[in-house]
Amino acid sequence: MADRVSVSISIGGRLSADLLGELIEKANAENLSTEWDGEPFTANDLPDGEPLVLRGHEIANGKIDEIEDFCCTNDLPFWRWSGGAPGSFPAEIVIWKGVGERRAFTADEDGRPVLTSDEAGEIATLDDLREHFATGAYLPPPFVLVPTTAG
């Protein structure tokens with residue numbers, strides 16, 4: 021049986037209006053909402069001038085891979101936090117800035133990046149340390165819905 025934890029994802033970037041239904045479907049399949057324990061996510065919940073934030077409790081293993089994959093496929097940068105399950109896995113932050121690979125960081129239960137002893141061994145300079153915490157605290161750009169372009 022999967023451990024179930026809380027998850028929050030902040031999504032930014034420009035999404036074509038014809039893909040909004042797919043994003044809503046994926047969010048609702050995971051029981052994500054714009055509020056903790058909120059109503060199902062709808063187009064009326066889109067933010068104005070800030071990232072789209074979706075939250076949910078009881079997410080299996082803290083993974084929302086389909087939403088993350090959707091974001092990567094559609095060039096939507098994101099920051100995702102998942103709570104930990106003691107004895108199974110720690111809380112984590114995963115970010116994708118729109119290019120390259122997703123980066124994972126150990127986190128605390130308040131969604132802040134932390135540094136484990138293994139991770140500390142990879143830090144060579146004070147600048148590396150600053151970069152670790154700054155990247156783990158990444159804030160995506162505003163989420164913008166753009167008109168569908170004619171093909």
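Note that my numbering has the sequence shown beginning at 21, numbered continuously upward. All C-beta atoms, glycine included, are put in the ideal place defined by N, C-alpha and C.
Between residue i and residue j, what straight-line distance do the alpha-carbon atoms span, to the nearest angstrom?
i, j, result
"I44", "L74", "10 Å"
"E142", "T155", "15 Å"
"D57", "G76", "7 Å"
"K46", "E55", "16 Å"
"P162", "I31", "8 Å"
"N81", "D23", "5 Å"
"P71", "W101", "14 Å"
"G118", "V166", "17 Å"
"S137", "G41", "43 Å"
"S108", "D147", "32 Å"
Give every residue of the same chain whose Cβ lies closer than 6 Å to the Cβ of residue i, excluding the five residues on either side of it in the sequence, and list them in chain order.
i, result
"V164", "R34"
Assuming residue i and residue j form a contact by the criterion Cβ under 8 Å, report the distance between their Cβ atoms to the nearest whole angstrom.
i, j, result
"I113", "S26", "Not quite, the Cβ-Cβ distance comes to about 13 Å (not below 8 Å), so this is no contact."
"S36", "T145", "Not a contact, Cβ separation roughly 41 Å."
"N94", "L39", "6 Å"
Whose C-beta lies closer than 7 Å to the C-beta of residue i among residues of the same chain, with five residues either side of it excluded?
i, result
"S89", "The sequence shown places Asp at residue 89, rather than the Ser named in the question. There are no such residues."
Please name the residue in the options whose C-alpha comes closest to that of residue i.
i, options, result
"L96", "G41, I87, N48, N51", "I87"
"R123", "A49, E129, Y158", "Y158"
"A111", "D128, G120, E121", "D128"
"H152", "D138, S137, P133, V166", "P133"
"I29", "G103, D138, L135, S108", "G103"
"F98", "E50, D68, E121", "E121"
"C92", "G107, P106, W116", "W116"
"D85", "A105, A140, E50", "E50"
Once you ignore the five residues that flank residue i on each side, which residues in its own chain have a CB closer than 8 Å to its CB?
i, result
"F61", "I44, A47, N48, L52, S53, T54, L74"
"G69", "P162"
Original post:
Whole beta strand (DSSP E) runs in the segment 25 to 53 with 3 or more residues, listed along the chain?
Top reply: 33 to 36
Subject >> Sequence ranges, alpha helix (DSSP H) only - wholly within the segment 83 to 155, length at least 4 >> reply: 85 to 93, 137 to 140
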